[in-house]
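Residue numbers (our numbering), protein chains in the order written: chain F, 92 to 391; chain D, 239 to 477; chain H, 50 to 383.
The beta carbon of each residue, even a glycine, is placed where N, CA and C say it ideally should be.
Since we're looking at a predicted model, the values are computed, not measured.
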Amino acid sequence: MVWVDQIVEGILLGGYYALLACGLSFMFGVMRIINLAHGDLAVLGAFLVFAVANTFDLSPFVALIVVLPVMAAVGWALYRGVLERSLRAGMLVPLLSTFGLAIAIENILFEVSGADTRSLAPMIDTLAYDSWSISEDLSISRLALLIFALAVVLLGGLHFFLARTPIGRAIRAVAEDADTAELVGINSRAVYGLAAGIAVATVGLAGTLLAMRATFDPYSGPMQLIFAFEAVVIGGIGSLWGTLAGGIVLGIAQNIGAQFHPQGFLLGGHLVFLAILGGRIAISAYHGRRITRPAPAAKS
Amino acid sequence: MSLLQLERLDARYGLLQAVREVSLAVAEGEILALVGANGAGKTTLLRAIAGAHPAIGGRLIFDGVDVTAFRAFRRVRMGIALVPEGRRLFDGMTVEENLLVASHTGRTGDWTLDRVLDAFPMLNARRKSRAGNLSGGERQATAIGRALMTNPRLILLDEVSLGLAPVAVDQLYRSLRSLLTGGATIVLVEQDLKRALGVASRVVCMLEGRIVLDQAAGELSRDRVVEAYFGLRHATAGA
Amino acid sequence: MTTLRLMSVERWTRASRVSGVAVTILVVIFAFGPLLFSANMVDKLTTLFIYIMLAAMWNALAGYAGLVSVGQQAFFGLGAYFAIQLAAHGLAPYPSLMVGALLSGLFALPLSFFMLRLRGGEFSIGMWVVAEVLHLLVNLDKLVQGETGTSLISLNAYTPESRRAYNYWLALTAMVVLLVLIFAFLRSRLGASVQAIRDDEEAAASLGVRVLAAKRTIFVLAALGCAVAGTLWLATSITFQPKTNFGIQWTAYMIFMTLVGGLGTFEGPIIGAVLFFIVQDQLGDIGVWYLVGLGVAAMAFAMFMPRGLWGAVEDKLGLQLLPIGYRLRVKGEP
Numbered sequence: 092m093v094w095v096d097q098i099v100e101g102i103l104l105g106g107y108y109a110l111l112a113c114g115l116s117f118m119f120g121v122m123r124i125i126n127l128a129h130g131d132l133a134v135l136g137a138f139l140v141f142a143v144a145n146t147f148d149l150s151p152f153v154a155l156i157v158v159l160p161v162m163a164a165v166g167w168a169l170y171r172g173v174l175e176r177s178l179r180a181g182m183l184v185p186l187l188s189t190f191g192l193a194i195a196i197e198n199i200l201f202e203v204s205g206a207d208t209r210s211l212a213p214m215i216d217t218l219a220y221d222s223w224s225i226s227e228d229l230s231i232s233r234l235a236l237l238i239f240a241l242a243v244v245l246l247g248g249l250h251f252f253l254a255r256t257p258i259g260r261a262i263r264a265v266a267e268d269a270d271t272a273e274l275v276g277i278n279s280r281a282v283y284g285l286a287a288g289i290a291v292a293t294v295g296l297a298g299t300l301l302a303m304r305a306t307f308d309p310y311s312g313p314m315q316l317i318f319a320f321e322a323v324v325i326g327g328i329g330s331l332w333g334t335l336a337g338g339i340v341l342g343i344a345q346n347i348g349a350q351f352h353p354q355g356f357l358l359g360g361h362l363v364f365l366a367i368l369g370g371r372i373a374i375s376a377y378h379g380r381r382i383t384r385p386a387p388a389a390k391s
Numbered sequence: 239m240s241l242l243q244l245e246r247l248d249a250r251y252g253l254l255q256a257v258r259e260v261s262l263a264v265a266e267g268e269i270l271a272l273v274g275a276n277g278a279g280k281t282t283l284l285r286a287i288a289g290a291h292p293a294i295g296g297r298l299i300f301d302g303v304d305v306t307a308f309r310a311f312r313r314v315r316m317g318i319a320l321v322p323e324g325r326r327l328f329d330g331m332t333v334e335e336n337l338l339v340a341s342h343t344g345r346t347g348d349w350t351l352d353r354v355l356d357a358f359p360m361l362n363a364r365r366k367s368r369a370g371n372l373s374g375g376e377r378q379a380t381a382i383g384r385a386l387m388t389n390p391r392l393i394l395l396d397e398v399s400l401g402l403a404p405v406a407v408d409q410l411y412r413s414l415r416s417l418l419t420g421g422a423t424i425v426l427v428e429q430d431l432k433r434a435l436g437v438a439s440r441v442v443c444m445l446e447g448r449i450v451l452d453q454a455a456g457e458l459s460r461d462r463v464v465e466a467y468f469g470l471r472h473a474t475a476g477a
Numbered sequence: 050m051t052t053l054r055l056m057s058v059e060r061w062t063r064a065s066r067v068s069g070v071a072v073t074i075l076v077v078i079f080a081f082g083p084l085l086f087s088a089n090m091v092d093k094l095t096t097l098f099i100y101i102m103l104a105a106m107w108n109a110l111a112g113y114a115g116l117v118s119v120g121q122q123a124f125f126g127l128g129a130y131f132a133i134q135l136a137a138h139g140l141a142p143y144p145s146l147m148v149g150a151l152l153s154g155l156f157a158l159p160l161s162f163f164m165l166r167l168r169g170g171e172f173s174i175g176m177w178v179v180a181e182v183l184h185l186l187v188n189l190d191k192l193v194q195g196e197t198g199t200s201l202i203s204l205n206a207y208t209p210e211s212r213r214a215y216n217y218w219l220a221l222t223a224m225v226v227l228l229v230l231i232f233a234f235l236r237s238r239l240g241a242s243v244q245a246i247r248d249d250e251e252a253a254a255s256l257g258v259r260v261l262a263a264k265r266t267i268f269v270l271a272a273l274g275c276a277v278a279g280t281l282w283l284a285t286s287i288t289f290q291p292k293t294n295f296g297i298q299w300t301a302y303m304i305f306m307t308l309v310g311g312l313g314t315f316e317g318p319i320i321g322a323v324l325f326f327i328v329q330d331q332l333g334d335i336g337v338w339y340l341v342g343l344g345v346a347a348m349a350f351a352m353f354m355p356r357g358l359w360g361a362v363e364d365k366l367g368l369q370l371l372p373i374g375y376r377l378r379v380k381g382e383p
């Protein structure tokens, strides 16, 4: 059955999407900011890892150890430098500043390193294409499985962090009501900076993994952004594990779509996205009608 | 030296000047009732003291330190705690989490999670419930408990009886009794004049952003307070 | 009682009367453009008018109806695509353009029954996905040949001079009509209700404002405006490339123009479009650094002038040139 392979690949791709999207979800959940530069930050992470790995002849995984803290610092600086001021002016203004950042990142990367598509795959040896053959029709890529495992670990870690630790509680409090959080002694600005740092660090990781399983170039950002958005929306805005579910649905839809047509990968994902939104609308309309319908007469 | 000193404090609520040149001194251990009609500026004043509202003029001195420019969380760490109007609980978090979230101010004191739950026994059974599912009285208790978890030196209570059934208010004031008699410094805004006069050592009345009455509770008659509340004056001969 | 007689409710102030006259004079001058200005200037003004239309439409959506659409390029590209199809089936080029735009705008009507039920971020991204889907579907059309694209060759039947003039007049007319429509709309009861919706949807609904109908009107109008802009763009460039006509950069430009000019004001998008046009015109040839500059400028505006240029002017001077609201004037005061 050819379909099993596609579905499994789709599930594993969902792990990547979850990693990609969790930073977006986080930033929106905590700060109500839609970060239009999210995809470009992923690409920036990939470029940084590429540069470090290339320059010092290291494995990308080792380079990540250096780059992730840098990305976290970039996230923190982005919040303190740009987003904080933008937020004060209203909910729509961060759209402008993150859009500006996206354009700036894309084109600076272009200027600095040219238009070439690159990949980290050559640097990770056989991991790039190794797979386990489960059956005649089914083989599982080692890298894809690793990425999925990383996604589960990261999401689990974030979940635990938010649910059980004092800082996690502080983040949840600030996400719900920043003013009141200040009234109980929480420094909301520091919390926002931390959340931004976490979000950008995770997206940097996602970008690096993208570069390992595929290629990237300075203008890959917007495509990743739309995938991340789709995963978040399918899974339900505000839920971390929902983002994983959303990513899986997206991944499966894309892989099955690809079987029909070269454009099917993208079309499949987008159409399923729209279908799910449509389904949600239909369900809530149905519920609305049920509530207003009079209760049936009681049986005697 | 007073614990809290306000010097000609000005604060705005939107475009309206809600607090006009308010000067006030609160000594340690005082229980001050802040009364006044709706819109008199009481909530804005409490929020300005807590730092939730920016002061546009004047100074605020707490424990000898000029805190006018301090953000709210710094004031909490110094010992000011506000129980805001409308409770403002974190509805998505449990009662216990709401209390715990306030416990990391770096302040030491008697108030721990257990002690707060003892003081408000109704919360013990509900400690793992989501704050959004609580009754009015339970929400108010949680809000007060949350403020207490910061081990404050000055507690600001904004209309804690608002929206509660009389029975619930009785229970609340009973729980507050130890707080009120234990030497804490409290400023409370209370619509119920009788209750306010019953617990306070001093009464301050606000009208249209200004203080129009500031006297020890013992020296005051209810009528005198009502006059100040509504801005009535004694007619003077020949005026 | 006497106080009431001392006050009057007015809609026009002296400043707005002056600017109303100035604007009319300006439009008349522009109408003679192809006769007065150089060919280069006419081309540039055509582009500027298209930008103004786009900015005004996005502003109507986001600034007045509270609908942040990251997918208006859907209508921009669809209008051009329909025009190409109509021309391929024998319709003359200019009628193709107009009918194409109309069809694209009409597509928004059934689309609105789906999209307007989405809230906030779902709506924004949903619109983007719709644009992407349209892009991909159009790619599948053999007429378009995938990303290679095709051209509205029948336009070549006209001389460059007459084509330039027709495009210019069409753009000017479309821009003026759209701006007048928006202006009239905002001053009308429906317009007031739309602004009420933007400020507080629940409160507006409780007052009997027909929220959905008002949003739908703006949604379809904005789609039509973007579609007209898209067909005009096709008229000026003649080529149709899905990647260009359905590209996300159009939304990016719209966001820049409206937020830099001043979201939620009438004058703002016009100013933003002019500024954007000048920047593109003057700096477009220094290559990619111009785009970096654009991005940095967007960030700077967001940080230091978040209400946009016109918003800042309104704040400082209390000026509103084109009157949308009502004023209470006490007799004796200016």
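*Reducing DSSP to helix, strand and coil, say where Gly115 (chain H) ends up.*
Here residue 115 (chain H) refers to the residue found at position 66 when the third sequence is read from its first residue. Here Gly115 (chain H) sits in coil by DSSP.
*Which chain F residues sit within Cβ distance under 7 angstroms of Ala340 (chain D)?*
As a first step, residue 340 (chain D) is located in the second sequence; it is residue number 102 there, counting from the start. Chain F residues near Ala340 (chain D): Val275 and Gly276.
_Does chain D have any CB closer than 9 angstroms to the CB of Ala180 (chain F)?_
As a position in the first sequence, residue 180 (chain F) is number 89, starting the count at 1. False, the Cβ-Cβ gap to chain D never drops below 9 angstroms.
*Please check the pair Gly370 (chain D) and Arg263 (chain F), which I expect to be a contact at CB under 8 angstroms, by giving their CB distance rounded to whole angstroms.*
For the purposes of this step, residue 370 (chain D) is taken as the residue at position 132 of the second sequence. For the purposes of this step, residue 263 (chain F) is taken as the residue at position 172 of the first sequence. Cβ-Cβ separation between Gly370 (chain D) and Arg263 (chain F): approximately 13 angstroms, too far for a contact (criterion under 8 angstroms).
*asked:* Contact between the region 249-269 of chain F and the region 111-123 of chain F is defined here as three or more beta-carbon pairs at a separation below 8 angstroms; is this criterion met?
replied: By the Cβ criterion, the region 249-269 of chain F is in contact with the region 111-123 of chain F, since at least three pairs of Cβ atoms, one from each stretch, lie closer than 8 angstroms.
_Buried/exposed call for Ala477 (chain D), threshold 16 Cβ in 10 Å_ = For the purposes of this step, residue 477 (chain D) is taken as the residue at position 239 of the second sequence. For Ala477 (chain D), the pLDDT reaches just 39, beneath the cut-off of 50, and the residue's location in the model is therefore unreliable, leaving the point undetermined.
*Return helix, strand or coil for Thr474 (chain D), following the three-state DSSP convention.*
In the second sequence, counting from the first residue as 1, residue 474 (chain D) sits at position 236. Legend: pLDDT at Thr474 (chain D) = 40, less than 50; position of this residue unreliable, value from coordinates given subsequently. Three-state result, Thr474 (chain D): coil.
*Could you check how far apart the C-beta atoms of Ser242 (chain H) and Ala253 (chain H) are, in whole angstroms? I think they sit under 8 angstroms.*
Residue mapping note: residue 242 (chain H) aligns to position 193 of the third sequence, counting from 1. Residue mapping note: residue 253 (chain H) aligns to position 204 of the third sequence, counting from 1. Ser242 (chain H) to Ala253 (chain H), Cβ: 6 angstroms. Contact.
*Have a look at the DSSP bridge pairing and note the partners of Tyr215 (chain H).*
Indexing the third sequence from 1 puts residue 215 (chain H) at position 166. Residue pairing by DSSP places Tyr215 (chain H) in no beta bridge whatsoever.
*Should Trp338 (chain H) be counted as a contact of the ligand SAM given a C-beta to heavy atom distance under 8 angstroms?*
Summarising the ligand content, the structure contains no ligands, and the ligand SAM is consequently not present.
*Please confirm if the region 426-446 of chain D is in contact with the region 386-404 of chain D, defined as three or more CB-CB distances below 8 angstroms between the two stretches.*
Counting Cβ pairs under 8 angstroms, three or more are found: they touch.
*If you draw a straight line from the alpha carbon of Arg66 (chain H) to that of Met224 (chain H), how long is it in whole angstroms?*
Taking the first residue of the third sequence as 1, we reach residue 66 (chain H) at position 17. Taking the first residue of the third sequence as 1, we reach residue 224 (chain H) at position 175. Taking the Cα positions, Arg66 (chain H) is about 21 angstroms away from Met224 (chain H).
*Taking C-beta pairs closer than 8 angstroms, name the residues in chain F that Glu316 (chain H) reaches, listed in chain order.*
As a first step, residue 316 (chain H) is located in the third sequence; it is residue number 267 there, counting from the start. In chain order: nothing, as chain F lies at least about 18 angstroms away.
*Under 9 angstroms between C-beta atoms, does Glu363 (chain H) make it to chain F?*
What you label residue 363 (chain H) is simply residue 314 of the third sequence in a count that begins at 1. No, because no Cβ of chain F sits closer than 9 angstroms to the Cβ of Glu363 (chain H).
*asked:* Between Gln97 (chain F) and Leu189 (chain H), how many whole angstroms is the CB-CB distance? I'm expecting something under 8 angstroms.
replied: Taking the first residue of the first sequence as 1, we reach residue 97 (chain F) at position 6. Taking the first residue of the third sequence as 1, we reach residue 189 (chain H) at position 140. Going by Cβ atoms, the distance from Gln97 (chain F) to Leu189 (chain H) rounds to 21 angstroms, so no, they are not a contact pair.
_Whether or not the region 117-126 of chain H and the region 169-184 of chain H are in contact is what I'm after, with contact meaning three or more pairs of Cβ atoms, one per stretch, closer than 8 angstroms; do they touch?_
Taking one beta carbon from each stretch, the region 169-184 of chain H and the region 117-126 of chain H have 3 or more pairs nearer than 8 angstroms; the two touch.
_For Asp515 (chain D) and Val442 (chain D), what's the separation of their Cα atoms in angstroms?_
The first residue shown for chain D is 239 and the last is 477, placing residue 515 (chain D) beyond what the model contains.
*Ala388 (chain F) by DSSP, collapsed to three states: which one?*
In the first sequence, the residue the question calls residue 388 (chain F) occupies position 297. With a pLDDT of 49 at Ala388 (chain F), under the threshold of 50, the modelled position of this residue cannot be trusted; read the value that follows with caution. Assigned with DSSP and collapsed to three states, Ala388 (chain F) falls in coil, not helix or strand.
*asked:* Taking the beta carbon of Pro318 (chain H) as the centre, do at least 16 other beta carbons fall within 10 Å, making it buried, or is it exposed?
replied: On the third sequence, position 269 is the one that residue 318 (chain H) refers to. Buried, by the Cβ-count rule.
_Distance check for Phe98 (chain H) and Thr273 (chain H), CA to CA, integer angstroms please._
Taking the third sequence and counting its residues from 1, one reaches residue 273 (chain H) at position 224. Taking the third sequence and counting its residues from 1, one reaches residue 98 (chain H) at position 49. Here residue 273 (chain H) is Leu; the residue named in the question, Thr, does not match the sequence. Straight-line Cα distance between these residues: approximately 15 angstroms.
*What are the residues that DSSP puts in a beta bridge with Phe300 (chain D)?*
As a working mapping, residue 300 (chain D) is identified with position 62 in the second sequence. Beta-bridge pairing links Phe300 (chain D) to D:Leu242 and D:Val303.
*Leaving out five residues before and five after Phe81 (chain H) in sequence, what residues of the same chain have Cβ atoms less than 7 angstroms from its Cβ?*
Here residue 81 (chain H) corresponds to residue number 32 of the third sequence, with the count starting at 1. No residues qualify anywhere along the chain.
*Alpha carbon to alpha carbon, what distance is there between Thr343 (chain D) and Pro257 (chain F)?*
Your numbering for residue 257 (chain F) matches position 166 in the first sequence. Your numbering for residue 343 (chain D) matches position 105 in the second sequence. About 11 angstroms.
*Interface residues of chain H around Gln354 (chain F) at Cβ under 7 angstroms?*
Counted from its first residue, the first sequence places residue 354 (chain F) at position 263. What Gln354 (chain F) touches in chain H, judged by beta-carbon distance under 7 angstroms, is Leu185, Asn188 and Leu189, going in chain order.
*chain F beta carbons: is any one of them nearer than 9 angstroms to that of Gly401 (chain D)?*
In the second sequence, residue 401 (chain D) corresponds to position 163, counting from 1. Any Cβ of chain F closer than 9 angstroms to the Cβ of Gly401 (chain D) would place that residue at the interface, and such an atom is absent.
*Using a beta-carbon distance below 9 angstroms, is Glu267 (chain F) in contact with chain D?*
Against the first sequence, residue 267 (chain F) aligns to sequence position 176. By the rule that beta-carbons nearer than 9 angstroms mark a contact, Glu267 (chain F) touches chain D.
*Straight-line gap, Tyr108 (chain F) to Ile328 (chain F) (C-alpha atoms, nearest Å)*: Here residue 108 (chain F) refers to the residue found at position 17 of the first sequence. Here residue 328 (chain F) refers to the residue found at position 237 of the first sequence. If I take the Cα positions, the gap works out to 14 angstroms.
*Beta-carbon spacing of Ile320 (chain H), Gly311 (chain H) below 9 angstroms*: By 1-based counting over the third sequence, the position of residue 320 (chain H) is 271. By 1-based counting over the third sequence, the position of residue 311 (chain H) is 262. For Ile320 (chain H) and Gly311 (chain H), yes; Cβs fall inside 9 angstroms.
*Could you name the residues that DSSP lists as bridge partners for Val442 (chain D)?*
Along the second sequence, one-based indexing puts residue 442 (chain D) at 204. Per the DSSP secondary-structure output, Val442 (chain D) pairs in a beta bridge with D:Leu272 and D:Asp452.
*Anything in chain H within Cβ reach of Ala195 (chain F), meaning under 9 angstroms, just list it in chain order.*
Position 104 of the first sequence, counted from the first residue, corresponds to residue 195 (chain F). What Ala195 (chain F) touches in chain H: Leu340, Val341, Gly342, Leu343, Gly344, Val345, Ala347 and Met348.
*Anything in chain H within Cβ reach of Gly198 (chain F), meaning under 8 angstroms, just list it in chain order.*
Counted from its first residue, the first sequence places residue 198 (chain F) at position 107. Checking the sequence, you will find Asn at residue 198 (chain F) rather than Gly. Annotation: Cβ neighbours of Asn198 (chain F) in chain H (cutoff 8 angstroms, chain order): Val337, Trp338, Leu340, Val341 and Gly344.
*If we count Cβ pairs, one from each stretch, closer than 8 angstroms, do we get three or more for the region 322-338 of chain H versus the region 282-292 of chain H?*
Contact fails: fewer than three Cβ-Cβ distances are below 8 angstroms.
*In angstroms with no decimal places, state the Cα-to-Cα distance between Leu316 (chain F) and Leu186 (chain F).*
For the purposes of this step, residue 316 (chain F) is taken as residue 225 along the first sequence, with counting starting at 1. For the purposes of this step, residue 186 (chain F) is taken as residue 95 along the first sequence, with counting starting at 1. Those two C-alpha atoms are separated by around 14 angstroms.
*So, is the C-beta of Arg315 (chain D) closer than 9 angstroms to a C-beta in chain F?*
Working through the second sequence from its first residue, we reach residue 315 (chain D) at position 77. Chain F, which has a Cβ nearer than 9 angstroms to the Cβ of Arg315 (chain D), makes this yes.
_Residues near Val291 (chain F) in its chain [Cβ-Cβ closer than 6 angstroms; skip 5 each side]_ = In the first sequence, the residue the question calls residue 291 (chain F) occupies position 200. Answer for Val291 (chain F): Leu132, Met162, Val165 and Gly166, listed in chain order.
*Output yes if chain F places a C-beta closer than 9 angstroms to the C-beta of Arg403 (chain H); else output no.*
Past the boundaries of the shown model lies residue 403 (chain H); chain H is included only from 50 to 383, so the question cannot be answered.
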